Amino acid sequence: MHIIYHNRNRANPEPEGAEFVTFDSLLTRSDVLSLNCTLTDNTRHIIGGPEFAKMKNGVVIINTARGAVIDEEALVAALENKVASVGLDVFEHEPKILRALRDHPRTMLLPHIGTFTQETQEKMEQLALCNLKSCLEEGVLLTKVPEQRDVNAPR
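Shown next, in the form of structure tokens:
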């Protein structure tokens, strides 16, 4: 298996066995495309009609990020001639799910509950408390999203 990835920033050091590629290269080369990004103005509908057109026939799509990173109307169309199957645990207009996605034989739709284990909840609580302490004591967030401003930045 050869792993390619695209991110805002190239990983340093490069993960062993992984290759950083442009977004277009990711679209044209992937057999399986797994979306794991935050939802921002830049990532809303990052996958839509033009992006599906660039993908290989038979591509498999997995979205565990945020529903609106995929244009679901374009996804439904792509399921007819481009996408072999799709797995989603997030939806563009939650809690509503497009009937065409619900009824399609090549969709796997699951609830977004990956973080609802006791272990994960405890880790999230601990991280939130550490972030709060760091913010209050040092003015620094430990795990901020890159698009977020610094806590002490002028507004």
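Just so you know, the sequence shown maps onto residues 7 to 161 in the numbering used here. Note that CB positions come from ideal geometry on N, CA and C, so glycine has one too. Nothing here was measured: the structure is a model prediction, and the numbers come from that model.
Rounded separation between residue i and residue j - CA only
| i | j | result |
| --- | --- | --- |
| T149 | V82 | 35 Å |
| T70 | G120 | 9 Å |
| I53 | I76 | 5 Å |
| P111 | A17 | 37 Å |
| F29 | L138 | 35 Å |
| S36 | A24 | 13 Å |
| V66 | L135 | 38 Å |
| H8 | E100 | 34 Å |
Residue closest to residue i, alpha-carbon to alpha-carbon, out of the options
| i | options | result |
| --- | --- | --- |
| K102 | A80, G73, L85, V92 | G73 |
| N1 | M7, F26, E22, T46 | Only positions 7 to 161 of the chain appear in the structure, and residue 1 is not among them; the question remains open. |
| L115 | G55, L133, E98 | E98 |
| P169 | N48, A80, L94, R105 | Lying outside 7 to 161, the shown extent of the chain, residue 169 is not represented and no answer is given. |
Buried versus exposed, by CB contacts within 10 Å (16 or more), residue i
| i | result |
| --- | --- |
| T46 | exposed |
| L33 | buried |
| V173 | Missing from the structure shown is residue 173; the chain here goes from 7 to 161 and no further. |
| D109 | exposed |
| M61 | buried |
| G145 | exposed |
| E78 | buried |
| E125 | exposed |
Residue i - partner residues in DSSP beta bridges
| i | result |
| --- | --- |
| F26 | Y11 |
Can you give, in chain order, each stretch of the beta strand (DSSP E) that sits fully within the stretch 80-148 and has at least 3 residues?
Qualifying beta strand (DSSP E) stretches, in chain order: 89-94, 113-115.
Within the stretch 28-87, ranges of the alpha helix (DSSP H) (whole runs, at least 4 residues)
29-35, 55-60, 78-84
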